[in-house]
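*Asks:* Chains as they are written, first to last, in my numbering: chain A, 10 to 344; chain B, 6 to 385. Don't be surprised by glycine CBs; every beta carbon is placed ideally from N, CA and C. Nothing here was measured: the structure is a model prediction, and the numbers come from that model.
1) Based on the DSSP secondary-structure assignment, which residues constitute the bridge partners of residue 61 of chain A?
2) Between which two residues does the alpha helix (DSSP H) holding residue 87 of chain A run?
3) Go to residue 104 of chain B, then tell me how far its alpha helix (DSSP H) extends in each direction, as first and last residue.
4) Could you tell me whether the Cβ atoms of residue 203 of chain B and residue 266 of chain B are closer together than 7 angstroms?
5) In three-state terms, what does DSSP make of residue 98 of chain A?
6) Taking 7 angstroms as the threshold (beta carbon to beta carbon), is residue 164 of chain A in contact with chain B?
7) Considering Cα atoms alone, identify which of B:205, B:153, B:97 and B:75 is closest to residue 89 of chain B.
8) For a test of the three-state rule: what should DSSP assign to residue 81 of chain B, helix, strand or coil?
9) Using only CA atoms, which one of B:45, B:146, B:380 and B:237 lies nearest to residue 234 of chain A?
10) In whole angstroms, what separates the C-alpha of residue 324 of chain B from that of residue 65 of chain B?
11) What separation, rounded to the nearest whole angstrom, lies between the Cα atoms of residue 373 of chain B and residue 264 of chain B?
12) Identify the contact partners of residue 313 of chain A in chain B, using a Cβ-Cβ distance below 9 angstroms as the criterion.
13) Name the two residues that bound the continuous alpha helix (DSSP H) containing residue 27 of chain B.
14) Tell me, please, which residues DSSP counts as bridged to residue 86 of chain B.
15) Cβ closer than 9 angstroms: which chain A residues qualify as neighbours of residue 316 of chain B?
16) Rounded to a whole number of angstroms, what is the C-alpha to C-alpha distance between residue 186 of chain A and residue 229 of chain A?
17) Closer than 6 angstroms to a non-hydrogen atom of the ligand GTP - does that hold for the CB of residue 290 of chain B?
18) Closer than 9 angstroms by beta-carbon distance: list the chain B residues that pair up with residue 325 of chain A, in chain order.
19) Answer yes or no: do residue 318 of chain A and residue 224 of chain A have a C-beta to C-beta separation smaller than 7 angstroms?
20) Buried or exposed: residue 184 of chain B, going by 16 or more other Cβ atoms within 10 Å of its Cβ?
21) Spell out the partners DSSP gives residue 115 of chain B in its beta bridges.
22) Name the two residues that bound the continuous beta strand (DSSP E) containing residue 208 of chain B.
23) Please list the terminal residues of the continuous alpha helix (DSSP H) segment that includes residue 158 of chain A.
24) Hey, could you find the ends of the beta strand (DSSP E) residue 148 of chain B is sitting in?
25) At 8 angstroms on the CB atoms, spell out the chain B contacts of residue 76 of chain A, in chain order.
26) Starting from residue 147 of chain A, find everything on chain B with Cβ-Cβ shorter than 7 angstroms and list it in chain order.
27) Look at the alpha carbon of residue 6 of chain B and the alpha carbon of residue 376 of chain B, and state the distance between them as a whole number of angstroms.
28) What residues from chain B crowd round residue 144 of chain A, counting only those whose CB sits closer than 7 angstroms?
29) Between the alpha carbons of residue 357 of chain B and residue 297 of chain B, how many angstroms are there, rounded?
30) Return helix, strand or coil for residue 96 of chain B, following the three-state DSSP convention.
31) Determine which residues of the region 267-283 of chain A have a Cβ less than 8 angstroms from any Cβ of chain B, and write them out in chain order.
32) Are the C-beta of residue 328 of chain A and some C-beta of chain B separated by less than 7 angstroms?
33) Quick one: which chain B residues come within Cβ less than 9 angstroms of residue 41 of chain A?
34) For residue 209 of chain B, count neighbouring C-beta atoms within 10 Å of its own C-beta (all shown protein chains included) and say buried if the count is 16 or more, exposed if not.
35) Just confirm the distance between the C-beta atoms of residue 194 of chain B and residue 24 of chain A, as a whole number of angstroms; I'd bet it's less than 8 angstroms.
36) How is residue 56 of chain A classed by DSSP in three states: helix, strand or coil?
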């Protein structure tokens, strides 16, 4: 069947099914199961109202359980087992983890990931704050914001291509078509560099791509927060003779610290999951491996589900503190 | 307090300049790809894209003399042009690769066998030979010329509309569209009902469910790959569109529910209570009041989900693309091209820009909703 047709049918079945389910189940509840008439009308209405929320929630809960909650448990189980030839699993305890810890490639990935975790959120937030502060002060601020925000719409893969062109290298006797090498030679570099193959520094060239994408996000959120800073605190500072830098760092930044933390943690989560950029640009060669790509390698290239699941659990472990922090904050707010 | 800057022109100028630099830095890489996608392979390989925007002087690859031979005054003459455009300005030319800049434009040069060749400034050349040239090797012309900016849409034609091109993106484009649209619409509907229940219905365990959804918001989808692939294989879906749609729906739901619930909670209580007093059922309240009022939040999430599914690589790699490659999506196709056509920037740039163009259009058209969604989704 033509996939486009299949897609169309899926939309119709999916949307129609959802509407039909919600409408039908409500109708069934109100008219058949607990009709709002007859001798038990009061009891029936109460019961119907007890069940209704679960009717509304059921499809979502089912999808969330199957697609997010169950996999966490299952991955944990897989990370403690080993596939037997001919099917079946054998419980092996922490063997997968031990094997993984013995691999230098894992430590390289972990090390790089930690580097990413420090550099990317810090620089994205910093540039975002800078762009937010500057763009609020100029007439073409909205246009400027749009243009800095734009990379958010670009896929990681597209961004990888964009930046590969920036980092492109040609032999020294040809004209350089990558901006970076052209600038490097212009400012007195001796020979064009293949930027993505220089260990340690190449990770930074990959990080630039993610910073480029995430700065817009940070800017949008921080800009809203900056506008929310009460005017009288700033006025008071001006009256006291504070200069613009003091106003920014001593008055505004402390007041939006909460938002800065939110932005920082959100970007941290993105960093932990970063896969496409490394996969498309270096595929973990030249010591640029990160956990998500390491996991993909193990799962789908080496076909080792045990170690693959174990490395996925490491990612989960790194996310957990932020998860707890978010849940804690959300609950505090609801009260 | 705009007056701080407004009162000091020097500071205003500094702010304007730094912002311009920042914007230029952010725009420059994308611009490079866009410009490159409109240049020919030769142009891309011989000069940086930034120099193509103005008139540039460069060494043109050798061009062999060709054209119809005309007998004139007892000699055999071939006339032709080096460039399609007449705006080119030749500054030097030559007939051998060792001396590509040996002659000045307009100079008449004697070749072997009594032939003469001349190239004038605008790129026109005349080869005049005492005997017919048929069957002999005609000379090559090396030239250094300043050519005005020159762009072509040929790359796009080759990549989108040439069915024989194995690097083509047409199929991948439609596959991506096929993945994206159902994967955007279905979660919205499912999430909207759940969000309404979590926002406006009272039942035991509600707070716990909301907390669970906030938690699921950050669960890395990497954990879901193997268990779900196993599950899909066990229930017979295998790799294909259906599994991909389901996966995108599952992964998109926490954000959808979270965004929509936050928005719905903020709707005025009076409206809903009035409707209840008038005898509207929950189902009616939801479809007639809540859904229309929640349009901004629905739009925000729709954009997020659209961008995310359109730009996704990992989910497609794991759940969709099988060994036949029939269901490849654009991101996968581009990664493939990066591997096989790493140096062919005319192919890469065009392919990448085709995949980027749609999200960019959506972005610029609906930026307002995207910003709103981001603010609702993270500022707490």
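*Replies:* On the basis of the coordinates in this document:
1) Within the first chain, numbered from 1, the residue matching residue 61 of chain A stands at position 52. According to DSSP, residue 61 of chain A bridges with nothing at all.
2) As a position in the first chain, residue 87 of chain A is number 78, starting the count at 1. That run of the alpha helix (DSSP H) goes 79-88.
3) Within the second chain, residue 104 of chain B is the residue found at index 99, counting from 1. It is not in any alpha helix (DSSP H) - residue 104 of chain B carries neither H nor E in the DSSP assignment.
4) For the purposes of this step, residue 203 of chain B is taken as residue 198 along the second chain, with counting starting at 1. For the purposes of this step, residue 266 of chain B is taken as residue 261 along the second chain, with counting starting at 1. Yes, the pair counts as a contact, with Cβ atoms nearer than the cut-off.
5) Locating residue 98 of chain A in the first chain gives position 89, counting from the first residue. Of the three classes helix, strand and coil, the one that applies to residue 98 of chain A here is strand, per DSSP.
6) Along the first chain, one-based indexing puts residue 164 of chain A at 155. By this cut-off, residue 164 of chain A is an interface position.
7) Working through the second chain from its first residue, we reach residue 89 of chain B at position 84. The shortest C-alpha separation from residue 89 of chain B is found at B:153.
8) As a working note, residue 81 of chain B is residue 76 in the second chain. In the structure shown, residue 81 of chain B sits in a strand (DSSP, three-state: E or B).
9) Reading the first chain from its first residue, position 225 is the one you call residue 234 of chain A. Measuring from the Cα of residue 234 of chain A, the nearest candidate turns out to be B:380.
10) Sequence index remark: in the second chain, residue 324 of chain B carries index 319 (1-based). Sequence index remark: in the second chain, residue 65 of chain B carries index 60 (1-based). One C-alpha to the other measures close to 48 angstroms.
11) Taking the second chain and counting its residues from 1, the one referred to as residue 373 of chain B is at position 368. Taking the second chain and counting its residues from 1, the one referred to as residue 264 of chain B is at position 259. If I take the Cα positions, the gap works out to 15 angstroms.
12) Locating residue 313 of chain A in the first chain gives position 304, where the first residue counts as 1. Ordered by position in chain B, no residue passes the 9 angstroms Cβ test against residue 313 of chain A, which lies about 11 angstroms from the chain.
13) Mapped onto the second chain, residue 27 of chain B falls at position 22. Element bounds for residue 27 of chain B: 14-41.
14) The residue given as residue 86 of chain B occupies position 81 in the second chain. The partner list for residue 86 of chain B (beta bridge, DSSP) reads B:129.
15) Counted from its first residue, the second chain places residue 316 of chain B at position 311. Those are 162, 163, 164, 165, 166, 167 and 285, listed as they occur along chain A.
16) Taking the first residue of the first chain as 1, we reach residue 186 of chain A at position 177. Taking the first residue of the first chain as 1, we reach residue 229 of chain A at position 220. Rounded to whole angstroms, residue 186 of chain A to residue 229 of chain A spans 33 angstroms at the Cα level.
17) With respect to small molecules bound, the structure shown includes none, and the ligand GTP cannot be examined in it.
18) Residue mapping note: residue 325 of chain A aligns to position 316 of the first chain, counting from 1. Under the 9 angstroms cutoff, chain B gives 224, 225, 227 and 228.
19) The residue labelled residue 318 of chain A in the question sits at position 309 within the first chain. The residue labelled residue 224 of chain A in the question sits at position 215 within the first chain. No. Outside cutoff.
20) Indexing the second chain from 1 puts residue 184 of chain B at position 179. With 16 or more Cβ atoms within 10 Å of its Cβ, residue 184 of chain B is classed as buried.
21) Taking the first residue of the second chain as position 1, residue 115 of chain B is located at position 110. Its beta-bridge partners are B:121.
22) Indexing the second chain from 1 puts residue 208 of chain B at position 203. That residue, residue 208 of chain B, is in no beta strand (DSSP E); it is neither H nor E in DSSP.
23) Within the first chain, the letter at position 149 stands for residue 158 of chain A. Taken as a continuous stretch (DSSP letters only), the alpha helix (DSSP H) holding residue 158 of chain A covers 150-158.
24) Mapped onto the second chain, residue 148 of chain B falls at position 143. Its beta strand (DSSP E) spans residues 145-152.
25) Residue numbering aside, residue 76 of chain A sits at position 67 when the first chain is read from its first letter. Under the 8 angstroms cutoff, chain B gives 229, 233, 251, 252, 254, 255, 256 and 258.
26) Stepping through the first chain from its first residue, residue 147 of chain A is reached at position 138. Neighbours of residue 147 of chain A on chain B, chain order: 20, 21 and 24.
27) As a first step, residue 6 of chain B must be located in the second chain, where it is residue number 1. As a first step, residue 376 of chain B must be located in the second chain, where it is residue number 371. Because residue 6 of chain B carries a pLDDT of 45, less than 50, the predicted location of this residue cannot be relied on, and no value is offered for it.
28) On the first chain, position 135 is the one that residue 144 of chain A refers to. Per Cβ cutoff of 7 angstroms: 24.
29) Walking along the second chain from the start, residue 357 of chain B turns up at place 352. Walking along the second chain from the start, residue 297 of chain B turns up at place 292. In a straight line, the C-alpha of residue 357 of chain B is about 37 angstroms away from that of residue 297 of chain B.
30) Sequence index remark: in the second chain, residue 96 of chain B carries index 91 (1-based). Residue 96 of chain B falls in the strand class under three-state DSSP.
31) 268, 271, 272, 275, 278, 281 and 282
32) Residue mapping note: residue 328 of chain A aligns to position 319 of the first chain, counting from 1. True, the Cβ-Cβ gap to chain B drops below 7 angstroms.
33) In the first chain, the residue the question calls residue 41 of chain A occupies position 32. Here the premise fails: no neighbours, minimum Cβ distance about 15 angstroms.
34) Residue 209 of chain B sits at position 204 when you count from the first residue of the second chain. Answer is exposed; the Cβ neighbour count stays below 16.
35) Taking the second chain and counting its residues from 1, the one referred to as residue 194 of chain B is at position 189. Taking the first chain and counting its residues from 1, the one referred to as residue 24 of chain A is at position 15. Between residue 24 of chain A and residue 194 of chain B the Cβ distance is about 6 angstroms, and since that is below 8 angstroms, they are a contact.
36) Position 47 of the first chain, counted from the start, is the residue given in the question as residue 56 of chain A. The answer is helix: DSSP assigns residue 56 of chain A an H, G or I state.
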